[in-house]
Every structure is written in structure tokens, then in C-alpha cells.
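Working notes for the structure below.
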Amino acid sequence: MTDQNTPETAPKNAYSSDQIKVLEGLEAVRKRPGMYIGGTGLGPLHHLVYEVVDNSIDEAMAGFASFVSVSVLADGSVSVTDDGRGIPVDPVKNDDPSLDGKSAVEVVLTKLHAGGKFGQEGSAYKVSGGLHGVGVSCVNALSSRLEVEVWRDGMIHGITFERGVVTKDIHEIGPIPKGASRTSGTQVVFKPDGEIFEDTTFDYQVLVNRLRELSYLNPGVTIKLTDERVGADGKPKHDVFKADNGLLEYVQHLMKGKTEVSSPVFISKSIEEENLLVEVALQYHDGYNELLKTFANNINNPDGGTHAQGFKLALTRTLNGYAKRSGILKEKDATPTGDDLREGLIAVVSVKLPDPAFNNQPKERLLNPEIEGFVSSAVTEALTNWLEENPGEAKRLCMKGIVAAQAREAARKARELTRRKTALDSGSMPHKLRDCKTKDLDRAEIFIVEGDSAGGSATQGRDVETQAILPLKGKILNVERARIDQVLKFEEIRTLIAALRCGIGQEFDVTKLRYGKIIIMT
1112 MTDQNTPETA PKNAYSSDQI KVLEGLEAVR KRPGMYIGGT GLGPLHHLVY
1162 EVVDNSIDEA MAGFASFVSV SVLADGSVSV TDDGRGIPVD PVKNDDPSLD
1212 GKSAVEVVLT KLHAGGKFGQ EGSAYKVSGG LHGVGVSCVN ALSSRLEVEV
1262 WRDGMIHGIT FERGVVTKDI HEIGPIPKGA SRTSGTQVVF KPDGEIFEDT
1312 TFDYQVLVNR LRELSYLNPG VTIKLTDERV GADGKPKHDV FKADNGLLEY
1362 VQHLMKGKTE VSSPVFISKS IEEENLLVEV ALQYHDGYNE LLKTFANNIN
1412 NPDGGTHAQG FKLALTRTLN GYAKRSGILK EKDATPTGDD LREGLIAVVS
1462 VKLPDPAFNN QPKERLLNPE IEGFVSSAVT EALTNWLEEN PGEAKRLCMK
1512 GIVAAQAREA ARKARELTRR KTALDSGSMP HKLRDCKTKD LDRAEIFIVE
1562 GDSAGGSATQ GRDVETQAIL PLKGKILNVE RARIDQVLKF EEIRTLIAAL
1612 RCGIGQEFDV TKLRYGKIII MT
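In this text, residue positions in the sequence shown follow the working numbering: the first is 1112, and each later residue adds one.
Here it is, written out as C-alpha cells:
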């Protein structure tokens, strides 16, 4: 007897072909948006704007656009306009009957992996930052409404979608007005779908940061941003970004408020036959923090990747090599590590390449292996020349790294000394600590008081069962701007480390904290 179960009558644990579902086209994007734009929170919401803007920037990178205008409209939708060539509107020729004969703009906006950015011979773009046929169609899928106007060949064309479905086919709106400020281009107006996103409110400052960044990465392109939502002052917001000096201006922007210890360095190298370009700008300040920003085809890669690896490798080898050749780095000196040599560094690395590979859809890390050697070679050559031509600044940078290496070694010794003196691993406590009896984290609390006299008074008034008292001398070191070796020279800080039992630096472990509350009495 054969099994006659239907999907309606099949047991709950059944698993057969009836349970296999196929999500077609944009339906998959709406069902699993996280796979395409990383989620449904505020970050992915703003990513919609970036994807549309990236298409306009691609036109600028190809030499066909000079401005991009972004507007947050009063109803919360976003308009992105450029003066590029305009998305093609002529019919597509394709073996797939569902595509054959449809306008190119409809195919681009409704079919995943349709577009002109695949880098093959005859591609519309040598390099691009968009999602290679995924980006703008994802925006369409995740918008309750999306309208496109294409200015092309003397005519304005329009098409309208709702949740990725065409509601008004491609049509002619009318001729491009005589004397118009542009004769070609694309305008996309979309409203994010409230059924998909947790919040559809765009943050103006978030958009400012990204569009300013794009202006630095694309010298000479004008990017306008307008917020037509009326603010507290009753006026719309408006900003214009244009950086003729590109990454050099970016580094200068990031250096604001910091004391320079070197002049800015700009590096550029291209291989035209391979459509490869790397640009680097860097400068040092007198602080200790490092800031390295990396981009591939204008896309920010917060986790770095092969371009970051190539830059770091070249910087370390070049600076150490120069320091040794010039006698700045002595044999007795500890050789600075990459971390030592990047103390106080602000750098931006931007690469353009025809076929980028990333670790995920948000493109957080660049994976192309050939880029590491390309960037490393470019930085090594240019930085070596700069060091030779600027011996005074070169010595300052090398000495900065050597001092950082000395501080790192001193900090290591100080940590070991701190462990021995306080016997952190053996359970002994600082002699100044008036500890409480309980070992219950939720009940135990420690009061940090200024001076021994205050410590005595607090000890007399405490609950010995649950309250510990730790007197410390006042006005100890401000650790925010001090190296770790300087920090650990202070007995009061070592005492505090020992009392709390959490350790420091890479060995910090909050689960070892002995007290549920830390109270500072002033």
C-alpha cells in the first residue's frame, strides 16, 4: 500500500519534496534581508541609501558624472540624483523569455545579478562599488515604493515599483527641458518598507559622515545632501561636499584637534592594463592611538583585508629598514613591531580594482590576494623615497616607534613586577585594603576613599560583612593620556589593580571582579 499523505495530512515531522520551497527573485530579499544588507536595523536602513549613491559614484568613477544629490524628503523617503549617462531604457535581448524585451531599467531593478558591473569585456564599468547587480534591486525589494526617472537621449523616462513589483511600466514623461542643468542622468526616489525595517527614520549625521567620506574618495565630485524634514529651528539642513585634494584632505580632516609630528604623505600607483589603483594618505600625531581606514572601490572595509595587510607590512619593513640603515635603530634596541610604528598614525588606504572579493555582503573585509603585494610594493617604493628626501621627519617617526617599543617592553616588565608584588594569582590582598567578610559578589562592595584618615573614618562606620574600604592617595595619574609603563609605576594604581583582581590589558577579565559595587567617595 502506498503512502497517500498530502501536505495537509502529512505528519508534523514529515520531510519530503513538499517541504522544499523556492524563493524567486526579490521575494528572497524580502524574506531574508539580512543575507543581502546585513539586517533590518538602522545600519542596514542607511545602507539602502549607500547602494543607490554607489551607482551614481560608479558613474563618476567612470568619468561620466560630476555631481550626486541626495535628499531626505519630508515624508521620509530619499531621492538620489546624478548627471551620469542614465540607466539604459531600451529593451533587453535575452534567451530567458521572462526577460527578453523588457526595458533594461526594469531588469536592473527587479532581477538579482543584473547590471553592467561584472568587469567582463564590454562591461559598462572598469571598476565599481555597487553590489554587482544586487544593490539597487535589493533597495527596490525593501522599499514600499520606488520611482525612477531616467534622463537619456533627449527624453525623460519613468517607471514605478511597489515592494519590488512594477506598478507602472516604463513610459515617456516628456522631453528634457531646454536649458536644463543636466541633459542626462538618473533619479531614484524610494521609501523604505516599514514592514521590513524596525525604524525607517534616517539619521542626517550618519548620511553626512558617509557622503563626506565619498567626496574624499572621489576628488572633484560634488555631493549635495539636503534634509527637507523641518528641524527644531524650522529650517531644512543642507551640506555640500567636494574635495579636490582627495585623501590628503581626508587625513587633514581626521587630524583635527591633534598635534602633528609629521607632514602628510600621499602615495599613488596604478597599473592601467589591469585597472588597478592604490592611493594612500598618512600623517602622524603625538598621541598613541592608531586610525587606519581602508576602502575598496569606495566601500569602507572596517575589518581591513589584503589592502590593510599590504600597507601594514610595507610600513613596518620600510621604517625599520630605514632606521637600521641610517643608524637610528641601534643593535641594543628592541626592534619596533608594527603596532609600535603605528602609534599616532592616521592613514587612509583606497584601492580600485575590477573584481573585488569580500568576506560577506556588507563587504567588511577585502579578500583579493593580489592586492596585498600591489599595495605593499607601492607603499614601500614611495615611502622609502619620502624618508630619504625628508631625513628630519624620518628620524622623528623612527624614534617614535623606538620609544613605543621601549615603552612596550617596560610595560611588560612592569606587569610582571605588579604580579609578583601583589601576588595576584596567590590570593593575597594589598595591606591597605580593609576587606569585607562575604565572598558573595552581589553583596560585596568596595569604597575607594581619599587618604588614610578618610579610610579610618570609613572603616569605623562600615558594615564589615559586606563593605570593603580601600584608601588611596589623592590626585593619582590621569591614565587616559599615559603609556601603560607610566601607569604601572604608580603604587596606588597597582594597589587598585590588586584589590579588584580583574587584571589589566589583554589579561583583563571582568569575571574575576571581587565586588558587585565599586563606590568612589569624594
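Where is the CB? At the ideal position from N, CA and C, for every residue including glycine.
Relative to the C-alpha of residue i, which residue among the options is closest?
i       : options                               : result
Gly1246 : Glu1499, Ile1410 and Gly1421          : Ile1410
Ser1568 : Cys1249, Thr1577, Leu1581 and Glu1576 : Leu1581
Lys1423 : Asp1344, Glu1306 and Leu1494          : Leu1494
Glu1520 : Leu1159, Asn1412, Leu1599 and Arg1476 : Leu1599
Asn1356 : Gly1398, Ser1326 and Ile1287          : Ser1326
Tyr1395 : Asn1386, Thr1370 and Leu1387          : Thr1370
Leu1393 : Lys1404, Ser1564 and Leu1440          : Lys1404
Phe1485 : Ala1425, Gly1331 and Asn1496          : Ala1425
Glu1602 : Val1332, Ala1555, Thr1549 and Lys1543 : Lys1543
Tyr1399 : Val1372, His1418, Glu1390 and Leu1440 : Val1372
Lys1548 : Arg1612, Thr1577, Glu1556 and Asn1471 : Thr1577
Asn1412 : Lys1443, Asn1471, Gly1275 and Ser1488 : Asn1471
Glu1258 : Pro1286, Leu1223, Lys1222 and Lys1302 : Lys1302
Ile1615 : Ile1595, Gly1150, Thr1633 and His1418 : Ile1595
Thr1221 : Pro1347, Pro1467, Leu1137 and Ser1255 : Leu1137
Lys1279 : Asp1344, Glu1170, Leu1440 and Arg1256 : Arg1256
Asp1451 : Gly1342, Asn1408, Pro1480 and Arg1428 : Arg1428
Ile1284 : Thr1312, His1349 and Val1261          : Val1261
Asp1207 : Gly1197, Val1218 and Ile1198          : Val1218
Gln1298 : Val1160, Tyr1361 and Ala1252          : Val1160
Leu1322 : Lys1353, Phe1308 and Leu1478          : Lys1353
Leu1336 : Glu1483, Leu1328, Ser1248 and His1349 : His1349
Leu1430 : Lys1550, Trp1497 and Ala1610          : Trp1497
If you reduce the DSSP assignment to three classes, tell me which class residue i lands in.
i       : result
Phe1377 : strand
Met1266 : strand
Gly1285 : strand
His1364 : helix
Leu1588 : coil
Gly1227 : Residue placement at Gly1227 is flagged as unreliable, the pLDDT there being 48, under the threshold of 50; a coordinate-derived value is accordingly withheld.
Arg1340 : coil
Asn1320 : helix
Ala1407 : strand
Ala1534 : For Ala1534, the predicted model reports a pLDDT of 46, less than 50, meaning its position is unreliable; a value from the coordinates is still stated below. Residue state, collapsed to three classes: coil.
Pro1541 : coil
Asp1596 : helix
Val1259 : strand
Ser1292 : coil
Gly1244 : Reliability fails at Gly1244, whose pLDDT of 39 lies under 50, so the model's placement of it is uncertain and the value that follows must be treated cautiously. Three-state result, Gly1244: coil.
Ser1564 : helix
Ile1629 : strand
Thr1333 : strand
Ser1209 : coil
Glu1442 : coil
Ser1254 : strand
Which whole-angstrom value is the C-beta distance of residue i and residue j, which I expect to be below 8 Å?
i       : j       : result
Val1191 : Val1200 : Rounded, the Cβ-Cβ distance is 18 Å, inconsistent with contact.
Leu1153 : Asp1338 : That belief does not hold up - the Cβ atoms of Leu1153 and Asp1338 are roughly 16 Å apart, past 8 Å.
Ser1167 : Ala1173 : Their Cβ separation, rounded to whole angstroms, is 11 Å, which puts Ser1167 and Ala1173 out of contact at 8 Å.
Tyr1626 : Ala1579 : 7 Å
Thr1491 : Pro1541 : Between Pro1541 and Thr1491 the Cβ distance is about 50 Å, and since that is not below 8 Å, they are no contact.
Gly1421 : Arg1476 : That belief does not hold up - the Cβ atoms of Gly1421 and Arg1476 are roughly 14 Å apart, past 8 Å.
Leu1253 : Arg1141 : 7 Å
With 9 Å set as the bound, which would you pick, yes or no: does the beta-carbon of residue i sit closer than that to a beta-carbon of chain D?
i       : result
Ser1214 : The chain labelled as chain D is not found in the depicted structure, where only one protein chain is given.
Would you give the residue range spanned by the alpha helix (DSSP H) that residue i belongs to?
i       : result
Lys1423 : Thr1417 to Arg1436
Thr1495 : Pro1480 to Glu1500
Gly1296 : Here Gly1296 belongs to no alpha helix (DSSP H); instead the beta strand (DSSP E) covers Gly1296 to Pro1303.
Val1219 : Ala1215 to Thr1221
Leu1583 : No alpha helix (DSSP H) contains Leu1583, which is instead part of the beta strand (DSSP E) from Gln1578 to Leu1583.
Glu1603 : Glu1602 to Leu1611
Ile1148 : Gly1145 to Ile1148
From what residue to what residue does the beta strand (DSSP E) around residue i run?
i       : result
Ala1139 : Careful: Ala1139 lies outside any beta strand (DSSP E), inside the alpha helix (DSSP H) at Leu1137 to Lys1142.
Val1391 : Leu1387 to Tyr1395
Ser1188 : Premise fails: Ser1188 is in no beta strand (DSSP E) and is neither H nor E.
Asp1350 : Lys1348 to Phe1352
Ser1167 : That residue, Ser1167, is in no beta strand (DSSP E); its alpha helix (DSSP H) goes Leu1153 to Met1172.
Leu1452 : Run containing Leu1452: none in the beta strand (DSSP E); it sits in the alpha helix (DSSP H), Gly1449 to Leu1452.
Ala1458 : Leu1456 to Lys1463
Margin query: Measuring CB atoms only, is the region 1486 to 1501 touching the region 1364 to 1379, in the sense that at least three cross pairs come out at less than 8 Å?
Written below: The region 1486 to 1501, when compared against the region 1364 to 1379, does touch it at the 8 Å Cβ threshold.
Notebook entry, point to check: Is the region 1378 to 1392 touching the region 1433 to 1442 in the sense that three or more CB pairs, one from each, lie closer than 8 Å?
Noted result: Three or more Cβ pairs closer than 8 Å define a contact, and the region 1433 to 1442 falls short of that threshold against the region 1378 to 1392.
Checklist line | Contact the region 1266 to 1281 vs the region 1209 to 1217: 3+ CB pairs below 8 Å | finding: Judged by pairs of C-beta atoms under 8 Å, the region 1266 to 1281 touches the region 1209 to 1217, as three or more such pairs exist.
Check: Are the region 1282 to 1299 and the region 1314 to 1329 touching by the rule of at least three beta carbon pairs closer than 8 Å?
Finding: With a cut-off of 8 Å, the region 1314 to 1329 and the region 1282 to 1299 do not count as touching, because too few Cβ pairs lie within range.
Check: Is it a yes or a no for the region 1445 to 1459 touching the region 1507 to 1516, going by three-plus beta-carbon pairs under 8 Å?
Finding: yes
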